[in-house]
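Novice:
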Amino acid sequence: MANGTVNDPKEEALRATRTLNPRPEAVVDAVFTASEFCDPRDLVQVKYEMVRRVRVDKVPAARAVREFGFSRQVYYDAVAALDAGGPAALVPGKPGPKGPRKLTDPVMEYVETRLAADPALRSRDLADAVFTEYGVSVHPRSIERALARRETSRAQESPKSRS
């Protein structure tokens, strides 16, 4: 390769699924250092084994987090994730925003109410009204796109029956 590194298919797969442990060298647990099966690069496997070690082997949490290269908060988050959704819940979620930040449901309901009362309102007027009512500065085009998305989702939720 150009930079002298060899492409490892497993590492590439872990990276693609966002489960590549960013600090595999911090995992000093004996099972991981002595076993070919246990891979310190596999974030899900490392977190699962850390929780299992505390629950089953009765290793103190402070020692487990030290040997697995995590903080106590990461341990407690892993426990909560396992309890809530099993091992699959240890896979990190997608990064980035999870929903609208400015045009939330209450804001959009307000916009739709204003629009229903006066269909002649322009998106600029609606943006001004949102700023006045909620203190949120929104571009008029963002309101237009949000209204279109809501209309599309309503159309998909209740398809019209054909007679």
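Just so we're aligned, residue 6 is where the sequence shown starts under the working numbering, counting upward by one. From the three backbone atoms N, C-alpha and C, an ideal C-beta is built for every residue, glycine too. Predicted model only: the values in this text are computed from it and were never measured.
Between the beta-carbon of Ile148 and the beta-carbon of Leu131, is there less than 8 Å?
Specialist: Counted from its first residue, the sequence shown places residue 148 at position 143. Counted from its first residue, the sequence shown places residue 131 at position 126. Yes, Cβ-Cβ distance for Ile148 and Leu131 is below 8 Å.
Novice: Tell me whether Lys15, by its Cβ, gets closer than 7 Å to a heavy atom of the ligand FMN.
Specialist: In the structure shown, the ligand FMN is absent, as is every other ligand, since no ligand is present at all.
Novice: With distances taken from CA atoms, which of Glu114, Thr137, Asp123 is nearest Glu156?
Specialist: Stepping through the sequence shown from its first residue, residue 156 is reached at position 151. That would be Glu114, whose Cα lies nearest to the Cα of Glu156.
Novice: Can you find at least 3 beta carbon pairs, one from the stretch 60-73 and one from the stretch 102-111, that sit closer than 8 Å?
Specialist: Counting Cβ pairs under 8 Å, fewer than three are found: no touch.
Novice: Do you know offhand how far Arg46's Cα is from Thr109's?
Specialist: In the sequence shown, counting from the first residue as 1, residue 46 sits at position 41. In the sequence shown, counting from the first residue as 1, residue 109 sits at position 104. C-alpha separation (whole angstroms): 39 Å.
Novice: Go to Gly5, then tell me how far its alpha helix (DSSP H) extends in each direction, as first and last residue.
Specialist: Because the chain here runs from 6 to 168, residue 5 falls outside it and cannot be looked at.
Novice: Can you pull the DSSP bridge partners for Leu25?
Specialist: Position 20 of the sequence shown, counted from the start, is the residue given in the question as residue 25. Its beta-bridge partners are Asp47.
Novice: Could you check where the alpha helix (DSSP H) with Glu30 kicks off and where it finishes?
Specialist: As a position in the sequence shown, residue 30 is number 25, starting the count at 1. Run containing Glu30: none; DSSP gives neither H nor E here.
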